[in-house]
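Undergrad: Sharing a structure with you now.
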Amino acid sequence: MTDGIGARAKRKEDRRFTTGKGKYTDDIRVENQAYAAFVRCPVAHARINGIDASAALAMEGVIAVHTGPELKADGIGDLIAGWAITSKDGSPMKTGVWSPLVTEYGRYVGDAIAIVVAETQAQARAAAEAVEVDFEELPAVVVADKALEEGAAQVHENVPGNLIYTWELGDEARTDAAMANASHVTELDIVNNRLSPNAMEPRSAVAVYDEAEDHYTLYTTSQNPHVARLVLSAFYNVAPEHKLRVIAPDVGGGFGSKIYIYPEEIACLWASMKTGRSVKWTSERGEAFLTDAHGRDHVTKAKMGFDNEGRIVAFHVDTIANLGAYASLFATVTPTYLYGTLWSGQYDIPAIYGTVRAVHTNTVPVDAYRGAGRPEATYMIERMMEVAAREMRMDPAELRRRNFIREFPYQTQVILAYDSGDFDAILDKAQKAADVAGFPERRAEAEARGKLRGLGYSTFIEACGLAPSAAVGSLGAGVGLWESAEVRVNPVGTVEILTGAHSHGQGHETTFAQLVSDRFGVPIDNVQIVHGDTDKVQFGMGTYGSRSGPVGMSAVMKALDKVEAKAKKIAAHTLEASEDDLVIENGEVKVAGTDRKMGWHEVALAAYTAHNLPEGLEPGLKEGAFFDPVNFSFPSGALICEVEVDPETGVTEVVQFTAADDFGTIINPMIVEGQVHGGVTQGIGQALLERVVYDEDGQLVTGSYMDYCMPRADDVPSYVLDHHSTPSPNNPLGLKGCGEAGAIGAPPAVINAITDAIGTDDLQMPATPMAVWQALAWARSPVAAE
Amino acid sequence: MYPTTYHKPASLSDAAAALSASDEAMVLAGGQTLLPTMKQRLASPSALVDIRAIPELRGITVSGATVTIGAATTHAEVAGHQGVQQTIPALACLAAGIGDPAVRHMGTIGGSVANNDPAADYPAAVLGLGATVVTSTREIAADDFFEGMFATALEEGEIITAIRFEAPKRAAYMKFRNPASRYAIVGVFVAETAAGVRVAVTGAGADGVFRHSGMEEALSASFAPEAVDGCEVGEGDMAADIHASAPYRAHLVKVMARRAVAGAV
Amino acid sequence: MTKVTMTVNGKAQTRDVPDTTLLSDFLREELRLTGTHVGCDTSQCGACVVHVDGRAVKACTALAVALDGAEVTTIEGVAQGKELHPMQVAFNDHHGLQCGFCTPGMIMTGIDMVERYKASGLPLTEEAIRHELEGNICRCTGYHNIVRAIEDAAQKMQAAPAAAAE
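Written out as structure tokens, the structure reads:
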């Protein structure tokens with residue numbers, strides 16, 4: 000029994016997780032273990048005049064307190080932004096300097112000032128409280144649009160007006176001209192609310208310095224351990240790569256927040272060397288809210304022009320993106336090339352132009368969070384479509400259909416060329432699954448119960464499979480975004496796959512094994528996936544941007560091709576047949592049309608005994624490959640949300656949610672559905688519940704689950720899913736990626752449904768009960784009626 | 000968590016002694032609020048006096064229309080108690096809606112009432128039903144017990160031993176939850192008792208649980224949901240935070256009151 | 000330091016610990032039972048749920064010293080040898096987990112809720128399951144498959160004698 004491509008194979012990794020035997024970073028305890036805690040900036044902006052650690056150092060169990068100037072003196076580098084963006088005037092972006100431990104200024108509440116190392120975690124935390132920081136509080140700026148106002152507090156001296164860049168994309172003159180001639184123009188002010196990723200496992204690091212070997216090991220909660228090692232070596236000067244091993248063991252969710260290499264990991268490695276102890280730090284949830292990179296936080300003015308038949312003629316975007324106090328690793332590309340390039344959505348738009356101004360504020364850095372740029376683009380476009388349909392008194396599905404792209408490849412006005420899709424088919428499927436035809440009846444029934452029922456659409460496309468290396472290099476990326484794989488066949492025929500992708504919930508140990516099972520007929524239990532350790536896997540770019548399938552699996556496929564070719568050479572020699580006549584089926588290599596065959600394990604054994612190999616063929620059966628995609632992949636989908644609003648309280652209940660997606664080829668439908676469930680729930684979370692709030696002084700108000708509202712089981716319904724696949728022509732399996740789709744597509748569907756229910760579009764995310772109640776009250780007030 | 004010393008006395012007198020032996024001692028009843036507060040280093044009791052091993056503080060007795068609940072009785076025990084369910088269903092229902100299942104297995108009525116968190120549920124029931132708070136030294140009427148958020152009539156070293164409720168003719172509790180914390184943004188307990196209608200509001204008030212005399216009068220005249228409509232809920236008395244402004248809270252008080260009246264059994 | 004003895008997964012365990020030691024720390028750091036996870040500091044996420052004397056509690060919100068003499072079951076103790084508990088099997092069958100971090104708490108909460116509903120005779124509907132999961136946060140699954148898993152396990156546990164796993 001094998002589980003090939005398309006099988007709903009149950010996950011191999013589940014046994015350890017369901018029995019409590021998973022091995023997460025905080026579960027690791029090493030020899031000579033000490034614990035770290037951080038002294039953090041208590042205000043949003045401060046000049047640090049001095050640090051007095053004498054009281055802390057006198058406390059029981061305290062080993063050391065180290066500060067920014069010491070770290071700098073040891074040559075540890077500043078944190079980098081991984082993508083250089085050029086402003087529209089041709090000037091390079093300006094970003095502030097981010098030191099792992101602050102040397103002079105604290106720029107957000109939580110900015111790390113000193114690391115305290117002690118014998119126990121409790122001692123470290125108590126001592127961190129006892130470190131006295133002499134600081135002078137400075138004016139702070141918190142909100143994106145305020146950061147650009149005249150006289151706003153300056154976050155960094157070298158970034159005048161807090162403006163990091165003004166980036167543009169598209170053709171301004173053509174867009175303005177088309178807009179001027181439009182017969183209808185829809186305008187909308189849009190806030191994309193700031194979110195905290197909240198992987199359930201808090202960040203953690205265990206740093207081990209081996210003085211005898213002058214070698215470091217870092218166990219950490221990373222989505223991309225190789226990138227972590229590269230950056231820690233090449234930019235932060237912790238140690239050269241061959242002297243640094245990074246291990247990301249079981250990781251409890253990432254959603255983007257564990258892509259980045261944070262100050263804490265750097266400081267723990269350095270402190271391990273300074274103290275001669277193994278240094279462990281595990282974030283508390285409150286600390287996570289303060290220091291994990293946030294997501295989204297856009298303020299946008301958008302304009303869309305239509306002709307008199309409802310065809311889009313022009314789209315104009317003006318966005319301000321809050322990047323926080325420092326430019327984090329992917330922060331600069333998220334609101335530009337991951338955002339602007341999706342401004343065409345699923346629609347044939349002849350003229351598009353937009354600008355993005357990225358700003359520093361006195362808040363924690365904002366970086367890529369599930370979807371990264373694409374949810375912001377999708378929310379804007381899909382809100383525009385719904386509002387435009389309402390203004391033009393058209394059916395919102397019909398307006399979308401009138402503008403759908405139907406021929407592929409399609410070159411958008413904003414760089415990307417879509418490779419495939421069938422937007423009519425997925426919308427058809429979604430409408431059918433959601434029983435849109437029965438909605439009027441359901442609405443009437445709800446009304447009889449005193450509830451307002453609404454239906455909202457979202458038809459989205461996104462770019463995944465990051466990314467063609469040369470293309471991203473030309474756009475400013477600091478690295479290539481290919482992936483590597485190695486396939487090792489053991490002498491008994493079992494297989495190990497080494498991949499640079501990293502699983503932190505995605506189920507790679509099962510789905511990657513399915514590829515081998517499909518190819519060689521080996522049961523998935525005979526395939527081991529090796530990942531997450533820089534000593535075992537040579538290199539890789541990790542997992543984010545729904546890239547493990549389109550890029551990571553493609554690398555595995557290339558390596559499997561090579562293994563298959565060599566296996567056939569060996570089998571052909573043994574069976575005295577031509578390689579071209581061989582087929583691999585059910586774990587056997589057969590000469591087609593005959594009964595001559597070898598078991599897969601016999602071929603593997605022959606490769607290693609090497610007693611009878613074709614002349615000149617090396618022994619062994621192991622191949623590696625790198626895969627660099629020629630294009631992004633383009634998953635798309637149609638989502639339909641139905642809500643009921645209680646007009647008395649403003650409470651919204653999502654009563655039905657339907658998603659029909661095109662992910663290309665599906666390796667394991669069970670896992671793909673799970674990704675959609677989770678993504679949609681995060682999208683509903685953004686639309687209804689979640690937001691980061693800082694007060695005017697830059698203190699974090701939503702610093703725990705008491706105030707930051709995570710979606711719970713009773714906040715969401717069971718989902719209705721369907722698929723329609725148009726395989727991507729740009730990778731060997733036809734994969735498109737499914738990890739982010741739900742989070743990208745869901746928010747506008749929810750808000751479109753609520754605004755449909757309450758009869759006003761004057762509503763921003765999150766649509767909390769109070770926000771909905773206020774919108775309803777305003778819409779029904781005599782002032783609004785005028 | 001700051002260091003502390005744990006005591007588990009077996010009698011009320013030992014508990015009182017342990018409390019008075021230490022300057023900043025606190026009673027630990029269920030710990031579902033106190034321990035998170037200590038973990039966040041927002042509280043630093045020098046000693047914790049765990050009252051859960053004191054036999055007379057545990058258990059529920061129902062005698063006619065009187066329900067007496069030991070201070071160390073958990074929310075789950077109250078919610079699942081047949082006698083409570085039959086005598087004062089609104090109280091069992093309120094207990095079943097506190098926190099989450101795991102919290103209800105540990106949290107206690109005495110702890111909740113003594114803490115008087117402005118967003119807790121139990122204070123609304125105690126005040127709404129005009130219950131009696133029985134302590135180690137005396138009995139305190141609910142109307143005299145709550146003295147503003149986190150403040151009560153309890154003297155230093157005084158321990159709640161039980162809460163005594165008299166069954167109303169009918170009652171109901173309606174809660175509008177904070178979507179994040181799941182505490183009450185507004186909770187309204189409405190009871191038609193032998194001594195008249197009582198309306199207690201938790202979550203909403205800027206100074207903790209309070210009775211609403213306007214609604215009590217209106218409902219005394221006519222115990223019907225519409226009776227609430229003409230009542231005034233002062234926005235100035237309301238708390239405000241990112242989840243709910245004062246006007247929204249004031250509005251919700253009326254909505255929840257109306258629904259409580261409609262659902263009263 | 001106070002001496003604490005409790006029976007954990009059927010085995011008596013005695014340790015000297017500071018009075019401030021939480022049950023979660025006692026399990027993770029003293030007994031090295033790291034399946035009980037800590038995902039928040041405000042008693043909301045439920046990753047740390049274990050059974051104390053047969054009832055689900057949050058191990059991060061209980062003091063070890065207060066549980067002297069208690070019977071504790073953790074995620075490591077619900078399987079019978081190599082045979083998994085029906086709830087563990089159901090989470091695998093229905094893809095009720097992704098990153099696995101919240102899973103131990105979900106499974107312990109799931110077992111507790113099914114046993115309680117079984118004892119009370121009330122039907123464990125989808126609505127009831129979602130309500131009962133109020134104290135457990137999952138960021139990966141969107142809860143859909145967790146609900147399916149608990150529904151399925153409930154059916155299978157209905158056939159078994161009550162609290163067989165404890």
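Residue numbers (numbering that gives the first Met the number 0), protein chains in the order written: chain A, 0 to 785; chain B, 0 to 264; chain C, 0 to 165.
Each residue gets a CB set at the ideal place from its N, CA and C atoms; glycine is no exception.
All of these numbers come straight from a predicted model, not from anything done at the bench.
Classify residue 516(A): buried if its beta carbon has 16 or more other beta carbons within 10 angstroms, exposed otherwise.
TA: Walking along the first sequence from the start, residue 516(A) turns up at place 517. Result: buried.
Undergrad: By the 9 angstroms beta-carbon criterion, what residues does the stretch 691-711 of chain A contribute toward chain B?
TA: Taking 9 angstroms as the Cβ-Cβ cut-off against chain B, the residues of the stretch 691-711 of chain A that qualify are 692, 700, 701, 703, 704, 705, 706, 707, 708, 709, 711.
Undergrad: Could you give the DSSP three-state label for residue 704(A): helix, strand or coil?
TA: Your numbering for residue 704(A) matches position 705 in the first sequence. In the structure shown, residue 704(A) sits in coil (DSSP, three-state: anything other than H, G, I, E or B).
Undergrad: Let me check understanding here. Comparing Cα to Cα, which of 76(A), 30(A), 355(A) lies closest to residue 874(A)?
TA: One cannot answer for residue 874(A) here, as it falls past the ends of chain A, which runs 0 to 785.
Undergrad: Put residue 537(A) into one of helix, strand or coil per three-state DSSP.
TA: Working through the first sequence from its first residue, we reach residue 537(A) at position 538. Coil, per DSSP.
Undergrad: Since residue 203(A) is in the beta strand (DSSP E), which residue starts that stretch and which ends it?
TA: Translated into positions along the first sequence, residue 203(A) becomes position 204. Run containing residue 203(A): 203-209, per the beta strand (DSSP E) assignment.
Undergrad: Name the residue from 428(A), 153(A), 277(A), 601(A) whose alpha carbon lies nearest to the alpha carbon of residue 637(A).
TA: Numbered from its first residue, the first sequence carries residue 637(A) at position 638. Relative to residue 637(A), the option among 428(A), 153(A), 277(A), 601(A) whose CA is nearest is 428(A).
Undergrad: To which residues of the same chain is residue 140(C) closer than 8 angstroms at the C-beta, ignoring the five residues directly before and after it?
TA: Looking up residue 140(C) in the third sequence gives position 141. Around residue 140(C): 94, 95, 96, 97.
Undergrad: Looking only at its chain, what residues have a beta carbon closer than 6 angstroms to the beta carbon of residue 346(A), apart from the 5 residues adjacent to it on each side?
TA: If you number the first sequence from 1, residue 346(A) lands on position 347. So the qualifying residues of the chain are 311, 402.
Undergrad: Taking the C-alpha atoms as reference points, what is the distance between residue 142(A) and residue 23(A)?
TA: Within the first sequence, numbered from 1, the residue matching residue 142(A) stands at position 143. Within the first sequence, numbered from 1, the residue matching residue 23(A) stands at position 24. Going by the C-alpha atoms only, they are around 36 angstroms apart.
Undergrad: List the residues of chain C that residue 244(A) touches, going by C-beta distances under 9 angstroms, in chain order.
TA: Within the first sequence, numbered from 1, the residue matching residue 244(A) stands at position 245. Those do not exist, as residue 244(A) stays about 22 angstroms from chain C at its closest Cβ, beyond 9 angstroms.
Undergrad: Can you list the residues of chain B that residue 597(A) reaches, using a CB-CB cut of under 9 angstroms?
TA: What you label residue 597(A) is simply residue 598 of the first sequence in a count that begins at 1. The contacting residues do not exist; residue 597(A) stays about 57 angstroms from chain B at best.
Undergrad: Mind listing, in chain order, the continuous alpha helix (DSSP H) runs of no fewer than 4 residues lying wholly within the stretch 522-580 of chain A?
TA: 553-574
Undergrad: Is the Cβ of residue 5(C) closer than 8 angstroms to any Cβ of chain A?
TA: Here residue 5(C) corresponds to residue number 6 of the third sequence, with the count starting at 1. Taking Cβ atoms only, chain A never reaches closer than 8 angstroms to residue 5(C), which makes this a no.
Undergrad: How about the stretch 172-191 of chain B and the stretch 115-130 of chain B: do they share at least three Cβ pairs that are nearer than 8 angstroms?
TA: yes
Undergrad: Taking 8 angstroms as the limit between beta carbons, can you name the residues of its chain near residue 869(A), skipping five residues before and five after?
TA: Given a span of 0 to 785 for chain A in the structure shown, any question on residue 869(A) remains unanswerable.
Undergrad: Got a sec, what are the start and stop residues for the alpha helix (DSSP H) residue 145(A) sits in?
TA: To locate residue 145(A), count along the first sequence from 1; it is residue 146. It spans 143-146 - the alpha helix (DSSP H) in which residue 145(A) sits, taken as one unbroken run.
Undergrad: Go ahead and label residue 643(A) buried or exposed: buried means 16 or more other beta carbons lie within 10 angstroms of its beta carbon, across all protein chains shown.
TA: For the purposes of this step, residue 643(A) is taken as the residue at position 644 of the first sequence. A residue is called buried when at least 16 other Cβ atoms come within 10 angstroms of its Cβ; residue 643(A) meets this threshold and is buried.
Undergrad: Can you check whether the CB of residue 603(A) is closer than 8 angstroms to the CB of residue 525(A)?
TA: Indexing the first sequence from 1 puts residue 525(A) at position 526. Indexing the first sequence from 1 puts residue 603(A) at position 604. Their beta carbons are not under 8 angstroms apart, which means residue 525(A) does not touch residue 603(A) by this criterion.
Undergrad: Could you check whether the Cβ of residue 651(A) sits closer than 8 angstroms to any Cβ belonging to chain B?
TA: Position 652 of the first sequence, counted from the start, is the residue given in the question as residue 651(A). Chain B contact via Cβ: absent.
Undergrad: To be precise: take each residue of the stretch 91-110 of chain C, compare its Cβ to all Cβ atoms of chain D, and keep it if any distance is under 8 angstroms. Which residues remain?
TA: Of the chains in the structure shown, none is chain D; the protein chains are A, B and C.
Undergrad: Take the Cβ of residue 16(A) as the centre, count every other Cβ of all protein chains shown within 10 Å, and call the residue buried at 16 or more, exposed below.
TA: On the first sequence, residue 16(A) is found 17 positions in, with the first residue counted as 1. Per the 10 Å Cβ criterion, buried.
Undergrad: Pull out every residue of the stretch 48-80 of chain C whose Cβ sits closer than 7 angstroms to any Cβ of chain B, in chain order.
TA: Within the stretch 48-80 of chain C, the residues whose Cβ lies closer than 7 angstroms to some Cβ of chain B are 48, 54, 55, 56, 57, 60, 61, 62, 64, 65, listed in chain order.
Undergrad: Check each candidate in 49(A), 72(A), 200(A), 160(A) and name the one with the smallest Cα separation from residue 99(C).
TA: Here residue 99(C) refers to the residue found at position 100 when the third sequence is read from its first residue. Of 49(A), 72(A), 200(A), 160(A), the residue nearest in Cα terms is 200(A).
Undergrad: Under 9 angstroms between beta-carbons, which chain B residues line up against residue 131(C)? List them in chain order, please.
TA: On the third sequence, position 132 is the one that residue 131(C) refers to. The answer, in chain order, is 99, 100.
Undergrad: Just mark residue 85(B) as buried or exposed, buried being the case when its beta carbon has 16 or more other beta carbons within 10 Å.
TA: For the purposes of this step, residue 85(B) is identified with residue 86 of the second sequence, where counting begins at 1. By the neighbour-count rule (16 or more Cβ atoms within 10 Å), residue 85(B) is not buried but exposed.
Undergrad: Taking a cut of 9 angstroms between CB atoms, which residues from the stretch 5-24 of chain A lie near chain C?
TA: 7, 9, 10, 12, 13, 14, 15, 16, 17, 18, 19, 20, 21, 22, 23
Undergrad: Along chain C, in chain order, which residues have C-beta atoms closer than 8 angstroms to that of residue 718(A)?
TA: Against the first sequence, residue 718(A) aligns to sequence position 719. Here the neighbours are 141, 143.
Undergrad: How long is the line joining the alpha carbons of residue 139(B) and residue 182(B), rounded to whole angstroms?
TA: Position 140 of the second sequence holds residue 139(B). Position 183 of the second sequence holds residue 182(B). Going from the Cα of residue 139(B) to the Cα of residue 182(B) covers about 26 angstroms.
Undergrad: Closer than 8 angstroms, Cβ to Cβ, to anything on chain C: give me those residues from the stretch 39-53 of chain A, in chain order.
TA: none
Undergrad: Assuming residue 297(A) is part of the alpha helix (DSSP H), what are its boundary residues?
TA: The residue you call residue 297(A) lines up with position 298 of the first sequence. Segment 297-305 is the beta strand (DSSP E) holding residue 297(A); no alpha helix (DSSP H) there.
Undergrad: What does the alpha-carbon distance come out to for the pair residue 36(A) and residue 115(A)?
TA: The count along the first sequence starts at 1 and reaches residue 36(A) at position 37. The count along the first sequence starts at 1 and reaches residue 115(A) at position 116. If you take the alpha carbons of residue 36(A) and residue 115(A), they lie about 5 angstroms apart.
Undergrad: Any beta carbon of chain C sitting closer than 8 angstroms to that of residue 39(B)?
TA: Locating residue 39(B) in the second sequence gives position 40, counting from the first residue. Judged by the 8 angstroms Cβ criterion, residue 39(B) is in contact with chain C.
Undergrad: Can you tell me the Cα-Cα spacing of residue 121(A) and residue 0(B), whole angstroms?
TA: As a first step, residue 121(A) must be located in the first sequence, where it is residue number 122. As a first step, residue 0(B) must be located in the second sequence, where it is residue number 1. Looking at the two C-alpha atoms, the distance is approximately 7 angstroms.
Undergrad: Which residues bound the beta strand (DSSP E) around residue 166(A)?
TA: Position 167 of the first sequence, counted from the first residue, corresponds to residue 166(A). Per DSSP, residue 166(A) belongs to the beta strand (DSSP E) from 162-169.
Undergrad: Please check if any C-beta of chain A sits within less than 8 angstroms of the C-beta of residue 146(C).
TA: Here the question's residue 146(C) lines up with position 147 in the third sequence. Taking Cβ atoms only, chain A reaches closer than 8 angstroms to residue 146(C), which makes this a yes.
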